[in-house]
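Residue numbers (our numbering): 4 to 428.
In what follows, a structure is listed as structure tokens, so that the remarks can point back to it.
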Amino acid sequence: MVQAVVGANWGDEGKGKVTDMLADQSDIVVRFQGGANAGHTIINEYGRFSLHLLPSGVFHKQVINVIGPGVALNIEALEKELNGLKEQGVPQPQLLISDRCQVLMPYHVDFDRFEEERLGKQSFGSTKSGIAPFYSDKFAKVGIQVCQLYDEAILRERLAIALVKKNCLLEHLYHKPTIDLDEMVHIMMEYGARIKPYVADTTRFLMDADQKGKKILLEGQLGTLRDPDHGIYPYTTSSSPLAGFGCVGAGIPPTSLKKIFAVTKAYSSAVGAGPFVSEIHGDEAKKLRDRGGDRGEYGATTGRPRSVGWFDCVASRYGVMVQGATEVVLTNLDVLGYLDAIPVCVAYETDDGQVLNSFPSTPTLMHCKPVLETLPGWKCDIRGIKSYKDLPEECKAYVDFLERAVGAPIHMVSNGPRREDMLYR
Ligand code: GDP
């Protein structure tokens with residue numbers, strides 16, 4: 004049976020915690036897209052972790068963790084994460100890397116930085132971890148697959164083709180030093196040797212596991228609104244964070260995907276550029292930002308302050324719909340305990356006074372203002388409460404309201420960052 008944990012919004016919804024929890028009942032956890040550009044925060048018996056590339060099943064001894072072909076594999080970042088786990092006393096996880104996965108090259112990181120510098124104020128808020136140049140190369144068919152690291156002649160030929168273009172851009176567009184072919188071949192072969200013990204035909208492995216009825220969990224990064232097709236293009240990421248793509252990026256038949264958990268926060272947060280209709284500013288924002296998450300709303304990978312705002316019913320309903328969520332997991336409900344009254348964005352209003360209930364494409368979105376409705380706050384700390392029924396009435400009413408708004412059932416509500424802070428409704 005295959006299930007997926009994905010984000011309903013802009014990312015940072017608390018997916019890492021939910022995956023870590025669900026991994027406990029899984030045989031296999033798979034990362035299917037993205038790379039080391041975003042982070043999942045996980046707090047468990049070993050400590051606090053920011054996972055970027057490793058699947059969140061790495062804390063569970065029985066789980067086989069898979070990096071699927073859809074992922075941007077930054078080998079150095081992967082090794083750093085594996086070492087970090089070891090240093091914090093986590094037993095060596097079981098890990099498989101798809102031989103079809105493509106390698107994020109050192110020059111992808113450089114190109115990301117050079118391009119953001121070139122764009123200046125018009126940049127898209129890249130995390131500068133090489134993701135956009137990586138996926139551009141993948142689809143332009145000048146990328147390098149893991150399996151190509153083990154044949155020097157093929158690697159050299161592939162790199163020679165790629166480097167002609169790269170060096171032309173470096174010299175004439177960015178005015179930076181060019182890349183030496185021999186040196187790059189050497190670096191990549193060394194990287195290949197280091198990850199060799201993990202490399203496998205994960206497509207075959209997952210298909211067989213699925214046939215045998217193993218429990219497989221697909222772990223998404225970012226959220227619906229960062230999808231290159233369905234999100235707020237161009238303020239999107241470069242691979243699809245949708246559960247539907249999970250089957251492709253992992254290598255699983257789409258008919259095997261039975262449950263889709265779309266995670267959303269009880270308020271909104273976004274890191275990076277792009278329209279954000281329910282965003283709040285100034286002191287009001289600072290109060291929410293400093294209370295959000297486990298250490299305030301600051302990016303797990305970049306440390307950048309996240310933009311924050313009220314729960315956005317329009318964006319979340321859309322996010323849940325596009326994910327095809329069978330249920331929604333609501334996180335960070337405890338964060339709102341300081342408010343007397345809680346505004347919720349229930350619709351958008353355009354410049355010409357039109358009221359929108361469905362999420363529009365980016366140019367319209369840029370001109371939308373939030374239509375707010377205010378719900379009563381519960382004015383207390385709900386952390387530590389163990390049973391859903393013991394929540395304050397106002398708090399339960401808030402969850403009921405959100406459930407009606409997003410159009411999918413909410414069975415799990417998170418009232419704190421730790422693994423055990425989860426209420427079942
Ligand atoms: P992800 O990328 O979707 O996994 O999300 P992040 O890890 O980037 O951000 C989620 C933040 O919320 C992290 O700081 C988590 O520790 C924190 N978190 C998750 N669930 C809860 C919760 O219910 N309450 C609080 N206060 N923090 C939570």
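Note that the Cβ used here is the ideal one computed from N, Cα and C, for glycine as well.
For glycine 73, the closest alpha carbon among the candidates Ser319, Gly247 and Val280 is that of Gly247.
Note on the stretch 26 to 61: there is no whole alpha helix (DSSP H) run with a minimum of 4 residues. If you check the CB distance, valine 325 and threonine 267 do not come in under 8 angstroms. Secondary-structure assignment with DSSP links isoleucine 67 through a beta bridge to Ile31 and Gln97.
The secondary-structure analysis by DSSP pairs proline 72 with nothing; it has no beta-bridge partner. Taking the C-beta atoms as reference points, leucine 54 is found nearer than 8 angstroms to glycine 42. Taking the Cα of glutamate 186 as reference, the smallest distance to any Cα among Met108, Asp384 and Pro420 is reached at Met108. Take proline 257, set aside five residues on each side of it, and the residues of its chain with a beta-carbon closer than 6 angstroms to its own are Cys250, in chain order.
With 16 or more other Cβ atoms from the protein chains shown falling within 10 Å of its own Cβ, tyrosine 270 counts as buried. Around isoleucine 157, the same chain offers Gln151 as residues with beta carbons nearer than 8 angstroms, after the five sequence neighbours per side are excluded.
The Cβ-Cβ distance between glycine 277 and isoleucine 219 does not fall below 8 angstroms. Taking non-hydrogen atoms of the ligand GDP into account, the C-beta of valine 251 is found less than 7 angstroms away from none of them. Between proline 58 and the set Met24, Ala165, Ile164 and Arg207, the nearest pair of CA atoms involves Met24. For a cut-off of 8 angstroms, the C-beta gap from tyrosine 194 to isoleucine 345 is around 49 angstroms, too long to register as a contact. Between the ligand GDP and proline 308, a heavy atom-to-CB distance of less than 7 angstroms is absent.
In the three-state scheme derived from DSSP, where H, G and I count as helix and E and B as strand, threonine 334 is classed as strand. Comparing alpha-carbon positions, the option among Ser242, Phe62, Gly123 and Gly17 lying closest to lysine 141 turns out to be Ser242. DSSP, read as helix, strand or coil, puts lysine 83 in helix. In the DSSP assignment, proline 136 falls within the alpha helix (DSSP H) that extends over 134 to 142. Proximity of the beta carbon of valine 402 to the ligand GDP is not indicated: no heavy atom of the ligand is located closer than 7 angstroms. Considering only Thr227, Ile190, Gly254 and Pro180, the residue with the shortest C-alpha distance to glutamine 214 is Gly254.
Between valine 145 and valine 106, the alpha-carbon positions lie close to 11 angstroms from each other. Among the bridge pairs identified by DSSP, lysine 372 is matched with Glu352.
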